[in-house]
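A.B. asks:
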Amino acid sequence: MDYHELFMREALTEAERSLEDGGYGIGAVLVLDRDIISRARGSATYLTKDPTEHAETQLIDMIKGTELYTPDHLRKMTVYTTVEACIMCYSTLLILKLGTIVYGARDDQGGFTPAPDIIPPIFRATMPKVIGGVLEKECLNVFLKNREEMDRKYLNGKLFF
Ligand SMILES: [Zn+2]
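Residue 85 in this note's numbering is what sits at position 85 of the sequence shown, and the numbering runs on without skipping anything.
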């Protein structure tokens, strides 16, 4: 059993739901001891009202205040996300000392899973392990569907990027 593919398929389900909701076509799940403990998707709100509302940080928000939100548990958790984490999400997971990030599609435009030499020294020893390219093609296809939609909705006469 390839657990990375299994959980990435769950993240892909969230990515498809994101598209249905008019969102960004990114999905993510948070896993501890081979159980999914939270699920999230890039929302339409992210595009229109709150640019910091990303799937990966929503996963963490959902467990705040629970017995799972402890350093020991966070160290054993894995975030599965269909697209490489951005600088904000990566930094959040870095500061939390989360154990592992597994992503599907690499994002040359906005992805940030850096080499240790550009990470401030205090955080280097506890950088999350990063594994990329799990179900990459499927994850990229869902994300590109979003781009076609976005081009029509948001790029119409405006500079988005
Ligand atoms: Zn992000």
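Glycine residues also receive a C-beta, built at the ideal position from the N, C-alpha and C atoms. These numbers were taken from a predicted model, which means no experiment stands behind them.
1. Would you mind listing the alpha helix (DSSP H) stretches within the stretch 42 to 81 that are 4+ residues and don't spill past its ends, in chain order?
2. Considering only their Cβ atoms, is the gap separating Val79 from Ile101 smaller than 8 Å?
3. Ordered along the chain, which non-local residues of its own chain (more than five positions away) have a Cβ less than 6 Å from that of Arg17?
4. Looking at Cys139 and ligand 1, is the gap between the Cβ and the nearest heavy atom below 7 Å?
5. What whole-angstrom Cβ distance do Val83 and Gly104 have, given they're in contact under 8 Å?
6. Taking the alpha carbon of Leu59 as the point to measure from, which residue in Val29, Thr13, Tyr3 and Leu140 has its own alpha carbon closest?
7. Does the CB of Ile87 have a neighbour CB from chain C at under 8 Å?
C.D. replies: Put simply:
1. Segments of the alpha helix (DSSP H) lying fully in the stretch 42 to 81: 44 to 48, 55 to 63 and 71 to 75.
2. Counting from 1 along the sequence shown, the entry for residue 101 is found at position 101. Counting from 1 along the sequence shown, the entry for residue 79 is found at position 79. Yes, these two residues count as a Cβ contact at 8 Å.
3. One-based indexing of the sequence shown puts residue 17 at position 17. So the list reads Arg41, once near-sequence residues are dropped.
4. Walking along the sequence shown from the start, residue 139 turns up at place 139. If you check the C-beta of Cys139 against ligand 1, you find no heavy atom less than 7 Å away.
5. As a first step, residue 83 is located in the sequence shown; it is residue number 83 there, counting from the start. As a first step, residue 104 is located in the sequence shown; it is residue number 104 there, counting from the start. A Cβ-Cβ separation of about 6 Å places Val83 in contact with Gly104 under the 8 Å criterion.
6. Position 59 of the sequence shown holds residue 59. Nearest C-alpha to Leu59: Val29.
7. Any reference to chain C falls outside this structure, which holds one protein chain only.
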